[in-house]
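Taking it in order: structure first as structure tokens, then the write-up.
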Amino acid sequence: MSTFPILSRFQYDCHVKVVEAEAAQTMDMLAEACAYHSIGLHVADQPGKILRVRPTTDADDAEPWPRDMTVAEAGIKYFDSIDIYFTDQSKA
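Position one of the sequence shown corresponds to residue 68 (the working numbering), numbered consecutively onward.
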């Protein structure tokens, strides 16, 4: 399966990261791929929290995609920007 680059804006990370994505990845899988480049490097882990993924918007207020939605279903394309953030289990 071919990969393509996306831009990851991870909560509390001051750096935007280029991360490889695959069309068949779920949002949970994509969040973990992005976390690999931020948690423990520029961001502290938050055990017990869930990572969510949403499209980047000017107001940072987009709804997160369903956790089992794939990259292809979300329509994420080459160099699209996404936000990854921590949330409580009850909001997952």
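Here a beta-carbon is modelled for each residue, glycine too, at the ideal position from N, C-alpha and C. From a predicted model like this one, the values you see are computed outputs, not experimental measurements.
CB of A141 within 8 Å of CB of L118, strictly: No, the pair does not count as a contact, with Cβ atoms beyond the cut-off.
Please classify A88 as buried or exposed, where buried requires at least 16 other C-beta atoms within 10 Å of its C-beta. Buried, because 16 or more other Cβ atoms sit within 10 Å of the Cβ of A88.
Can you tell me whether L74 is helix, strand or coil according to DSSP? Shown here, L74 sits in a strand according to DSSP, grouped into three states.
What residue does the alpha helix (DSSP H) around D95 start on, and which one ends it? Per DSSP, D95 belongs to the alpha helix (DSSP H) from 94-103.
Which residues does DSSP pair with S148 in a beta bridge? Answer by DSSP bridge pairing, in chain order: L74.
Starting from K84, follow its DSSP beta bridges and name the residues at the other end. According to DSSP, K84 bridges with S75.
Taking the alpha-carbon of Y152 as reference, which of T93, I106, S69, V86 has the nearest alpha-carbon? If we check each option's Cα against that of Y152, I106 comes out closest.
Return the chain-ordered list of same chain residues with a C-beta closer than 6 Å to the C-beta of A90, the five sequence neighbours on each side being excluded. Correct list, in chain order: V138, A139.
So what does DSSP say about E140, is it helix, strand or coil? Helix, per DSSP.
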